[in-house]
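Residue numbers (this note's numbering), protein chains in the order written: chain V, 1 to 244; chain X, 1 to 244. Every residue, glycine too, gets a C-beta built ideally from N, C-alpha and C. Small disclaimer: the values here were computed from a predicted structure and weren't measured. Comments concern the structure below.
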DNA sequence: CTATATTTGTGCGTATGTATT
DNA sequence: AAATACATACGCACAAATATA
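Okay, here's the thing in structure tokens:
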């Protein structure tokens, strides 16, 4: 391995390229400790800043993860993720029983702001129950969701959620065993620090964000949910035509 | 505006925060020339490196665009984009006549690799016609797509595409005025340099990538397409349930 | 628990290269 | 050709988080 200090490619690019190749070759297992900045600096005979620039690039590509004071670690690039390129999201979810594996975290009461009020067809300021859930498959967290329920329409939903820690079960106990998904809107974003954290992913990697509305059988809104999926670990498969 | 050199926040973060606020306040119109590194360096009384780190952050957030030798420019954060948060993708596409506004760029012949062969239900190595299209609305390019057609099943498709520069028209002339979308898979990615370029977006901003399969009325595959949307300018709206 | 070493994070000063005007 | 503006690289110093003796 030697660097070309004369022309064209910047040193940090060459270093990033070399390190990237080593990681992708599989020589380093995911989670393994990476060489320290000092070591790399000595190895490539460049200044530490130059190494840092290269590592920054690797971070941005999602290949490594840097922890202050601890070191740099190889980030498993989608190792053993349950959703392959040809796997249908629906089938996977059902076959693995994802819906039951969803864990309800915290539950709190809030007041509906303008947007939520319109979506859920309640008055602005109406009481909502807000809860957060984590979905995982094969022990890998792949989605973080926030759900909003109109409390007036679902009396005691908060208690049911805390007791059952299941959305489906809670709605069923309130007489809505049969609700339906009205629509889902999908966008791509970069996660904020918190969402990146719960998904265990670098903030530099994109996520799929879906917003969806569930209705009761009579057409009144029961739940509005925002879900964040690890963007390059998942594919959402939609039957039929999404845009034409 | 003064920086806190004592505690907590790094200087470059404070600077990025300040500049971000100025941009978001709308004081600087999109496309406007930004202050140079030297100017900012003098203004905040920090080293140019520190300013560069801050600008890098703004770049990553998609607020500015840096051009070597020219300067730094304010990147319009979705100014005048046609798809609002509550706008249904389908409605917009139809009402603006997006399908006709799609422009067919280049057309070439390739051989089907394993994956394409399986998707299109042809033999590996079978001739495919590959074409690229740009979709825009209000003069704003918002999607770049690549389409694959099985040539054996669509004789002369290449000529039709070059003549009409329209996918729908070409298929119609070949007796497939009536095809249907079988499925669409949606994922989130960061664009490569080329796609970022044609979409006129920074490589640091995520895109929505959809893969979709269109079938003839008898169920044989007619087209496989990969589309790249400006991830945070668009939302794909799906009726019904995408995953449960 | 404390002290020390290790490792990453921030910032400055300087110098030189490359692209644009 | 010269000036301007961004890009790369080095060296030094110290701070902050973590690990270790």
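Practice item. With a floor of 3 residues, list each beta strand (DSSP E) that falls wholly inside the region 155 to 237 of chain X, ordered by position along the chain. Key: 180 to 189, 207 to 215, 221 to 230
**Study point:** Distance between residue 40(X) and residue 48(X) (C-alpha atoms, nearest Å)
**Key:** 8 Å
Practice item. Check the C-beta distance from residue 206(V) over to residue 188(X) and give it rounded, since I have them as a contact under 8 Å. Key: 4 Å
**Study point:** chain X residues whose Cβ lies nearer than 7 Å to that of residue 248(V)
**Key:** With chain V covering 1 to 244 only, the question about residue 248(V) has no answer from this structure.
Review point. Are residue 208(X) and residue 186(X) close, meaning C-beta to C-beta below 8 Å?
Key: yes
Practice item. Measure the alpha-carbon distance for residue 31(V) versus residue 73(V) and round it to whole angstroms. Key: 6 Å
Review point. In whole angstroms, what is the alpha-carbon distance linking residue 133(X) and residue 156(V)?
Key: 52 Å
Exercise for review: Since I believe residue 64(X) is in contact with residue 44(X) (beta carbons under 8 Å), could you give me their beta-carbon distance rounded to a whole number of angstroms?
Suggested key: With a Cβ gap of about 16 Å, residue 44(X) and residue 64(X) do not count as contacting.
Exercise for review: Indicate whether at least one CB of chain V lies closer than 8 Å to the CB of residue 48(X).
Suggested key: no
Check your understanding: Measuring CA to CA, which of 28(V), 51(V), 42(V) is closest to residue 14(V)?
Key -> 51(V)
Practice item. Indicate whether residue 245(X) and residue 129(X) have their beta-carbon atoms separated by less than 8 Å. Key: For chain X, the structure presents residues 1 to 244; residue 245(X) sits outside this window and is missing.
Check your understanding: Cβ-heavy atom distance between residue 119(V) and the ligand ZN below 7 Å?
Key -> No copy of the ligand ZN appears in this structure; indeed no ligand is present at all.
Point to revise | Contacts of residue 124(V) in chain X (Cβ-Cβ under 9 Å) | key: Result: empty, since nearest Cβ-Cβ is about 16 Å, beyond 9 Å.
Review point. Can you check whether the CB of residue 231(X) is closer than 8 Å to the CB of residue 145(X)?
Key: no
Practice item. Go ahead and pull the three-state DSSP assignment for residue 50(V). Key: helix
Exercise for review: Verify the CB distance criterion: does residue 16(X) have a CB-CB separation below 8 Å to chain V?
Suggested key: no
Check your understanding: Cα-Cα, which of 159(X), 150(X), 55(X), 67(X) is closest to residue 104(X)?
Key -> 159(X)
Review point. Smallest Cα separation from residue 165(V): which of 182(V), 150(V), 135(V), 183(V)?
Key: 135(V)
**Study point:** Proximity to residue 238(X) [Cα-Cα], best of 183(X), 203(X), 161(X)
**Key:** 183(X)
Point to revise | Distance between residue 196(V) and residue 198(X) (C-alpha atoms, nearest Å) | key: 29 Å
**Study point:** residue 151(X) burial status per 10 Å Cβ neighbour count (16 or more: buried)
**Key:** buried
Review point. Which bits of chain X does residue 165(V) rub up against, with CB to CB less than 7 Å?
Key: Within 7 Å Cβ-Cβ: nothing; residue 165(V) doesn't reach chain X, min ~18 Å.
Exercise for review: Give the residues of chain X in contact with residue 237(V), contact being defined as C-beta atoms less than 7 Å apart.
Suggested key: 183, 185
Review point. Are the Cβ atoms of residue 107(V) and residue 161(V) separated by less than 8 Å?
Key: yes
Exercise for review: Check whether the Cβ atoms of residue 61(V) and residue 25(V) lie closer than 8 Å to each other.
Suggested key: no
Check your understanding: Which two residues bound the contiguous alpha helix (DSSP H) that contains residue 31(V)?
Key -> That residue, residue 31(V), is in no alpha helix (DSSP H); it is neither H nor E in DSSP.
Review point. With 16 other CB atoms within 10 Å as the buried threshold, where does residue 180(V) fall?
Key: exposed
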